[in-house]
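Comments concern the structure below.
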DNA sequence: GTGAAAGCGCTAACAG
DNA sequence: CTGTTAGCGCTTTCAC
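Residue numbers (UniProt numbering), protein chains in the order written: chain F, 1 to 351; chain C, 1 to 351.
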């Protein structure tokens, strides 16, 4: 009942192999028979069977996407739809399909990845997160399976892989310098999970900027929290309980910033009058906070798009050297940062 | 170089078919040979080839997920990661994989769906959106291909399909009644795209509640906007330009509400003092608005989970009748609604 | 330019 | 309980 290549062959009065050649548009087939075959295909409503092709070809034309484990709240970050949109665009252009991981825990995920690669379910993999000592990364590298990482490898032994990242160190440094320029000296850093490489890079950029300005980073001003919203709220409590409250905050993620701002407003600390905030990512909703947040646009869409691009390249040319790519970031000034008002409180200049 | 069933067979000194039986854990194989075979598999590092299985089985153990076209901003709604998390959980339990659509336009999507089903790339499909006159829906139904819809069919001829939905009519009605109870009479409705069935249901619930209260719905109080954030903002401008401004707003979607609140605060209209707002979905961030929004929790995760559940059921038992399922919703009262203050402005009671 | 036939890796019907 | 064999639907040498 399913119409196969053979049926088409019969109707077109040619051999199955000829039909196959027409499908792949082989130049060694005459236009006349091509026409004949194509007609037969239309007539019968023929569609190539994907699994048969994959089996014969040893290629699936599909990309595996590994998300962080879905139990984690980060999963709901609008970051992901946006990277996927980027990946999706490139994939679609080159007629690749997307296969999604479903694991809820790290063990489930590594297992799944193994199934994907050993079972030849995908031609390559994109890792949507990068954390310290990641088993998945290590496994993929050992297997020499085509993959790209969004983020950067942490382990030295894994430096030589294909990845696309932002210059997160630089971004954090710039952002810190900006706050410094606005007169802030008590700048706190609210990071995400310390296992994420991006958190480490942010922190180092922050530290560097402070040191360059002759300010020694203070431990009490550096806090990390796993969960996005709750984390943001807890961080605020910790920070605002200090005798010397920070006058500015650098927050790891826009969603976390929502939590931070929420908590601050509950405590009746005004943004930016009492405290300045700057964060990272610039997801869709970040312009909708009250007040709209100043943040670093990391070009999420491009991260996805380029990751797909590099991956497909790797799939097609397995032997070429791994490529690294840095997607530019850009600070988006909105309304959560302001020049620090002097003790006396004379001028109030907003930036 | 890839290790196949034959290699295992050789090492274990059995026939390939026996190995196959061990894989599917057939009860007709003695424990002894099972052990022997399993050992050989470990030893060789054997992993079943997915495409070969799919081909022989006529089953892929994967579910296709059709998102709205990714060009659309709704794509970035945190709604999607959350439904997918639900789908993912069920799928993982039953060892199904997830295959994602990548189309950027409606044409691309319908094409993709056809490839998926005709090419036998997936065993079933979940539609993540439901809109009026949807070609995809129609096609799937014509083909009698297993699928479930998240939302409900609009076209009568398609009533008899499997779907999971909320009672959106009821939810909108309740919400309207709630505002009515708070003394509001000038209640506006800010809907999403009128092509979405959910918008229609919301509107009808709203209309019904008003009529029941003896209030004739006014055209000026009903606006629709496609885009989430911008839409929210435009809607506010339209509504606030009326001579008789509404005192309460029912907004289609939490993200849109962020846009609405942003615009309102720019216009220095205070929420909830000057205007009450209630919206739908209760996505993760909705509790982080300032003030935190009152909204209807539609249980997004369950929508996904149940959709996967019904779909897999359908895949396994194709002949059983289509099932419909209504996921309960629940109003989450937070801080954007308040009793209408009488003209004189005596009491101020918050709810 | 086109056909015949082997094979991708696995499953399942039929024997025994 | 286990082996033999014939496919699943397509690609790809190797002939002609």
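Glycine is no exception: its CB is placed at the ideal position from the N, C-alpha and C atoms.
- Have a look at the DSSP bridge pairing and note the partners of residue 71 of chain F. Walking along the first chain from the start, residue 71 of chain F turns up at place 71. Looking at the DSSP assignment, residue 71 of chain F forms no beta bridge with any residue, so it has no partner.
- Of all the residues that make up the UniProt domain "HTH lacI-type" (3–57) of chain C, which are near chain F by a beta-carbon distance shorter than 7 Å? 47, 48, 49, 50, 51, 52, 54, 55
- Same chain, Cβ closer than 8 Å to residue 327 of chain C, neighbours up to 5 away in sequence not counted: Taking the second chain and counting its residues from 1, the one referred to as residue 327 of chain C is at position 327. If we look at residue 327 of chain C and ignore the five residues flanking it on each side, its Cβ neighbours are 164, 165, 166, 298, 299, 302, 303, 306.
- Quick one: list the residues of chain C neighbouring residue 255 of chain F, beta-carbon separation under 7 Å, in chain order. Against the first chain, residue 255 of chain F aligns to sequence position 255. Within 7 Å Cβ-Cβ: 285.
- Task: Please confirm if residue 103 of chain F has its CB atom under 9 Å from at least one CB of chain C.
- Result: As a working note, residue 103 of chain F is residue 103 in the first chain. Yes, contact with chain C.
- Task: Assign residue 333 of chain C to one of two classes, buried (16 or more other C-beta atoms within 10 Å of its C-beta) or exposed (fewer than that).
- Result: Locating residue 333 of chain C in the second chain gives position 333, counting from the first residue. Exposed is the call here.
- Within its chain, find whatever has a CB closer than 6 Å to the CB of residue 77 of chain F; leave out the 5 residues flanking it on each side and keep chain order. On the first chain, position 77 is the one that residue 77 of chain F refers to. If we look at residue 77 of chain F and ignore the five residues flanking it on each side, its Cβ neighbours are 255.
- Task: Measure the alpha-carbon distance for residue 258 of chain F versus residue 222 of chain F and round it to whole angstroms.
- Result: To locate residue 258 of chain F, count along the first chain from 1; it is residue 258. To locate residue 222 of chain F, count along the first chain from 1; it is residue 222. Looking at the two C-alpha atoms, the distance is approximately 18 Å.
- Counting Cβ pairs closer than 8 Å, one from the region 257–277 of chain C and one from the region 227–238 of chain C, do we hit at least three? yes
- Item | With 16 other Cβ atoms within 10 Å as the buried cut-off, status of residue 60 of chain C | The residue labelled residue 60 of chain C in the question sits at position 60 within the second chain. Classification for residue 60 of chain C: buried.
- Message: Quick check: what's the CA-CA separation for residue 144 of chain C versus residue 47 of chain F?
- Response: Here residue 144 of chain C refers to the residue found at position 144 of the second chain. Here residue 47 of chain F refers to the residue found at position 47 of the first chain. Their Cα atoms are separated by approximately 17 Å.
- Message: Please report the straight-line C-alpha distance between residue 6 of chain F and residue 56 of chain F, rounded to a whole angstrom.
- Response: As a position in the first chain, residue 6 of chain F is number 6, starting the count at 1. As a position in the first chain, residue 56 of chain F is number 56, starting the count at 1. Their backbone Cα atoms lie some 16 Å apart in a straight line.
- Message: For residue 159 of chain F, count the other beta carbons within 10 Å of its own beta carbon; 16 or more makes it buried, fewer makes it exposed. Which is it?
- Response: Mapped onto the first chain, residue 159 of chain F falls at position 159. Flag for residue 159 of chain F reads exposed.
- Message: Can you check which of these residues, C:275, C:120, C:265, C:15, is closest to residue 249 of chain C by C-alpha distance?
- Response: For this step, residue 249 of chain C is matched to residue 249 along the second chain. When each option's Cα is compared against that of residue 249 of chain C, the closest is C:275.
- Would the region 269–289 of chain C and the region 131–148 of chain C be scored as touching if the rule is three or more Cβ pairs under 8 Å? no
- Query: Listing by chain order, which chain C residues have their CB less than 8 Å from the CB of residue 80 of chain F?
  - Reply: The residue labelled residue 80 of chain F in the question sits at position 80 within the first chain. Those within 8 Å of residue 80 of chain F in chain C are 81.
- Message: Can you find the residues in the same chain that come closer than 6 Å, C-beta to C-beta, to residue 272 of chain C, ignoring five residues on each side of it along the sequence?
- Response: Along the second chain, one-based indexing puts residue 272 of chain C at 272. Only 336, 337, 338 meet the Cβ criterion.
- Cutoff 9 Å: residue 292 of chain C Cβ touching any chain F Cβ: For the purposes of this step, residue 292 of chain C is taken as the residue at position 292 of the second chain. Judged by the 9 Å Cβ criterion, residue 292 of chain C is in contact with chain F.
- Message: Taking 8 Å as the cut-off, does the region 16–35 of chain F touch the region 21–38 of chain C (at least 3 CB pairs, one atom from each stretch)?
- Response: no
- Message: Short of 6 Å in beta carbon distance, which residues of its chain neighbour residue 379 of chain C, apart from the five on each side in sequence? Order them along the chain.
- Response: Here chain C covers residues 1 to 351 and nothing more, so residue 379 of chain C does not appear.
- Query: Since residue 175 of chain C contacts residue 331 of chain C with CB under 8 Å, what's their CB separation in whole angstroms?
  - Reply: Within the second chain, numbered from 1, the residue matching residue 175 of chain C stands at position 175. Within the second chain, numbered from 1, the residue matching residue 331 of chain C stands at position 331. Sure, about 7 Å apart at Cβ, within 8 Å.
- Can you tell me the Cα-Cα spacing of residue 390 of chain C and residue 196 of chain C, whole angstroms? Outside the displayed span of chain C (1 to 351) sits residue 390 of chain C, for which this structure offers no information.
- Since residue 280 of chain F contacts residue 294 of chain F with CB under 8 Å, what's their CB separation in whole angstroms? For the purposes of this step, residue 280 of chain F is taken as the residue at position 280 of the first chain. For the purposes of this step, residue 294 of chain F is taken as the residue at position 294 of the first chain. With a Cβ gap of about 11 Å, residue 280 of chain F and residue 294 of chain F do not count as contacting.
- Own chain, CB closer than 6 Å to residue 325 of chain C, minus 5 neighbours either side, in chain order: By 1-based counting over the second chain, the position of residue 325 of chain C is 325. Once the five neighbours on either side are set aside, the close Cβ partners of residue 325 of chain C are 164, 306.
- Query: For the candidate residues F:79, F:329, F:309, whose alpha-carbon lies nearest to that of residue 170 of chain F?
  - Reply: Taking the first chain and counting its residues from 1, the one referred to as residue 170 of chain F is at position 170. Here the closest residue by C-alpha is F:329.
- Query: Which class does residue 203 of chain C belong to by DSSP, given the choice of helix, strand or coil?
  - Reply: Position 203 of the second chain, counted from the first residue, corresponds to residue 203 of chain C. In this structure, residue 203 of chain C counts as helix in the three-state DSSP scheme.
- Task: Look at residue 12 of chain C and residue 31 of chain C and say whether their C-beta atoms are less than 9 Å apart.
- Result: The sequence position of residue 12 of chain C within the second chain is 12, counting from 1. The sequence position of residue 31 of chain C within the second chain is 31, counting from 1. No; because the gap between Cβ atoms is not below 9 Å, this pair is not in contact.
- Which runs of the beta strand (DSSP E), 3 residues or longer, sit entirely within the region 168–225 of chain C? If we require 3 residues or more, the beta strand (DSSP E) runs fully inside the region 168–225 of chain C come out as 187–191, 222–224.
- Query: How about residue 349 of chain C: is its C-beta nearer than 9 Å to some C-beta of chain F?
  - Reply: On the second chain, position 349 is the one that residue 349 of chain C refers to. Per-residue confidence for residue 349 of chain C stands at a pLDDT of 47, beneath the threshold of 50, marking its modelled position as unreliable; no derived number is given.
- Item | residue 307 of chain F, enclosing beta strand (DSSP E) - first and last residue | Reading the first chain from its first residue, position 307 is the one you call residue 307 of chain F. Per DSSP, residue 307 of chain F belongs to no beta strand (DSSP E); it is in the alpha helix (DSSP H), 300–316.
- Task: Counting only the same chain and skipping the five closest in sequence on each side, list residues whose C-beta sits under 8 Å from that of residue 69 of chain C.
- Result: If you number the second chain from 1, residue 69 of chain C lands on position 69. Same-chain partners within the cutoff: 75, 103, 104, 105, 106, 108, 109.
- Message: Can you find the residues in the same chain that come closer than 7 Å, C-beta to C-beta, to residue 50 of chain C, ignoring five residues on each side of it along the sequence?
- Response: The residue you call residue 50 of chain C lines up with position 50 of the second chain. Within the same chain, residue 50 of chain C has no close Cβ partners at all.
- Task: Might you give, ordered along the chain, the residues of its own chain that have their beta carbon closer than 8 Å to the beta carbon of residue 135 of chain C, omitting 5 neighbours on each side?
- Result: For this step, residue 135 of chain C is matched to residue 135 along the second chain. Answer for residue 135 of chain C: 106, 110, listed in chain order.
- Range of the contiguous beta strand (DSSP E) that encloses residue 65 of chain F: Along the first chain, one-based indexing puts residue 65 of chain F at 65. Element bounds for residue 65 of chain F: 62–66.
- Specify the secondary structure class of residue 33 of chain C as computed by DSSP and reduced to three states. Sequence index remark: in the second chain, residue 33 of chain C carries index 33 (1-based). Note: residue 33 of chain C maps to helix in three-state DSSP.
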